[in-house]
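FYI, in our numbering the residues of the sequence shown are 1 to 159. Just so it is clear, CB atoms sit at the ideal spot from N, CA and C, and this is done for glycine as well. None of these values were measured; they are calculated from a predicted model. Contents: one structure, followed by commentary.
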Amino acid sequence: MTGYTSRHTPPLALLESQNETLRQLTEEGYLDSYRQVRLTEMIQAFNEALGNCERLKKTPFPMQYTWFVYYTLIVFLFVLPLSLAGHLGYWAIPFSVIIGYAYIMLEYVGRHIEKPFENAVNDVPMDYIARTIEIDLRELLGDSELPEPVQARGLGYLY
């Protein structure tokens, strides 16, 4: 496990190691060809899933979209009080602030969910998911020394 963390893509290094282990087990006669083919197909499926996750992680939102949303929001926030003033008078100011705050927060949240694998509070809890899978697989293999599940941090967040 120590050599994998230094690799550019550690999960890919693990899949490569598993493929090599399958080849060795087949050569030594521990695996028949049918099981070796099935396990290799499963590793290939994991490899495809890994590629999809890498694309999700490394493909940012188009900058044009981000800037368009930002500038449209600015224009909206300047026009909103003017459009409400005729109907609400001075009450247009607090309503504009409340509505503006809601839209600014939507834009803020949108920027932060662009990167779901950054190990932040609002991201996909990859450590939790991976540890749960590890515990389940080790249980299936009959391992008696199971690792502790990932515990929530801070205010009860899993990340």
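Taking Gln18 as the centre and dropping the five residues before and after it, the same chain places the C-beta of Ile43 closer than 7 angstroms to its C-beta, in chain order.
The shortest C-alpha to C-alpha distance from Val75 to any of Ser96, Gly51, Met63 and Pro60 is the one to Ser96. Linking Leu141 to Glu134 through their CA atoms gives a straight-line distance of about 11 angstroms. Taken atom to atom, the span from the alpha-carbon of Leu155 to that of Thr21 is near 42 angstroms.
Comparing C-alpha distances from Val79 to each of Ile93, Thr59, Met126 and Phe68 shows the shortest one belongs to Ile93. Every candidate beta strand (DSSP E) stretch fails here, since none sits fully inside the region 45-107 while reaching 3 residues. A contact between stretches requires three or more CB pairs, one per stretch, nearer than 8 angstroms, and the region 27-41 fails this requirement with the region 61-72.
Taking the Cα positions, Ile113 is about 7 angstroms away from Asp123. In this structure, the CA atom of Gly86 is about 22 angstroms from the CA atom of Tyr103. Taking a C-beta distance under 8 angstroms as the contact criterion, Leu73 and Pro116 do not qualify as a contact pair. The alpha carbon of Phe68 has as its nearest neighbour, out of Ala130, Glu107 and Ala49, the alpha carbon of Glu107. Counting only the Cα atoms, Ala45 lies some 10 angstroms from Leu39. Take Thr26, set aside five residues on each side of it, and the residues of its chain with a beta-carbon closer than 6 angstroms to its own are Gln36, in chain order.
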